[in-house]
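In what follows, a structure is listed as structure tokens, so that the remarks can point back to it.
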Amino acid sequence: MLKHIKHWIFVLLFLVAACSGTKNDVSVITRMDLGTTNTKLDQEDGIVDEYDLRLSVRTKEDAGVHVKSLTITTPSGASFTASRTDTAAIDQIDPEFGIEVIRGFELDGNEGVWTLAAIANLEYELFGDGFYTITANYEEGSESISLWYGEPGSDSPLPFPQNNGFTEPDVKQPITSPVTFIWDTDPIAQNISVYFAGGGETKSDDLPPATTSYGPYDYAPGQWELELAISVERKGKINAVDFTISKGTVYSTEGVVKE
Numbered sequence: 117m118l119k120h121i122k123h124w125i126f127v128l129l130f131l132v133a134a135c136s137g138t139k140n141d142v143s144v145i146t147r148m149d150l151g152t153t154n155t156k157l158d159q160e161d162g163i164v165d166e167y168d169l170r171l172s173v174r175t176k177e178d179a180g181v182h183v184k185s186l187t188i189t190t191p192s193g194a195s196f197t198a199s200r201t202d203t204a205a206i207d208q209i210d211p212e213f214g215i216e217v218i219r220g221f222e223l224d225g226n227e228g229v230w231t232l233a234a235i236a237n238l239e240y241e242l243f244g245d246g247f248y249t250i251t252a253n254y255e256e257g258s259e260s261i262s263l264w265y266g267e268p269g270s271d272s273p274l275p276f277p278q279n280n281g282f283t284e285p286d287v288k289q290p291i292t293s294p295v296t297f298i299w300d301t302d303p304i305a306q307n308i309s310v311y312f313a314g315g316g317e318t319k320s321d322d323l324p325p326a327t328t329s330y331g332p333y334d335y336a337p338g339q340w341e342l343e344l345a346i347s348v349e350r351k352g353k354i355n356a357v358d359f360t361i362s363k364g365t366v367y368s369t370e371g372v373v374k375e
């Protein structure tokens, strides 16, 4: 089954910066986006929960700064590192954790863009709620930012929004085109997106958070991958660094459109 997370939806809470060896007391980190996703795979033998962790960090690139690698350490103590030679290769299984880990780096003008993603872990505890530490390592010294991944101003975790998939049509039965997909949204939702793939084509859209339907649209006969994503996010800035943290729940299933 194709698992497509259309984009990761990330948020902020509360940030405590702890820096060592920074250049001229100015952060080399210019932006951070951190999020986790709970994907509910609706399979023939029941629903399987998988969890993804995704991080994107932008750093300064100039004559005085040369970041060599970037590390994220989760509240559980698990660490993942990307280096400048990483190319965001997929299907790379990390020998320590036994899951796919995507590591990437690329230049965007005078900034470096670092990506880290740990994919399809069966236990959320490997990631968890609490403080995440992001460390930029350069030739002489490093900079670490400790980010509280939870509700701002409290000890409460950021909630995973409720997402029980499509209420109509019954995707376990053959579907007649054109189709209007209907679902129940969570009142806390801030972002909703849909993604459908089949017959060599795709349909996708970002929708207002109160949306509870999509369609009617025509779908080619055959098997389709069907995904509904609902997320929450928090945003903020500290020491001139913008960042977003988020949690999302993705319902992923399959359906067959009748001839």
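Here our numbering is used: the first residue of the sequence shown is 117, the next is one more, and so on.
C-beta: ideal position from N, C-alpha, C; glycine also.
Asked                                                                                   : Found
Own chain, CB closer than 6 Å to F243, minus 5 neighbours either side, in chain order   : T152, L169, T190
Separation of Y333 from L263, as counted between CA atoms                               : 42 Å
The beta strand (DSSP E) enclosing F196, as first and last residue numbers              : 195-199
Exposure of T283, with buried meaning 16 or more beta-carbon neighbours within 10 Å     : exposed
Three-state class that DSSP yields for D274 in the structure shown                      : Here residue 274 is Leu; the residue named in the question, Asp, does not match the sequence. Looking at L274 - three-state DSSP - the assignment turns out to be coil, as it is neither helix nor strand.
Run of the beta strand (DSSP E) containing N237, from where it starts to where it stops : 227-237
Straight-line gap, G266 to T231 (C-alpha atoms, nearest Å)                              : 21 Å
Y335 in three-state terms, based on DSSP                                                : coil
Nearest residue (CA-CA) to A236, options N253, D210, Y254, F247                         : D210
Buried or exposed (CB count within 10 angstroms, at least 16 for buried), L150          : buried
S192: first and last residue of the uninterrupted beta strand (DSSP E) it sits in       : Segment: none, S192 is in no beta strand (DSSP E) and carries neither H nor E.
Residue(s) in a DSSP beta bridge with K363                                              : V348
Rounded straight-line distance, which links the Cα of T328 to that of P285              : 13 Å
Rounded C-alpha distance that separates G137 from K353                                  : With a pLDDT of only 39 at G137, under the threshold of 50, the placement of this residue in the model should not be trusted; the figure read from the coordinates follows. Answer to the nearest angstrom: the Cα atoms are 21 Å apart.
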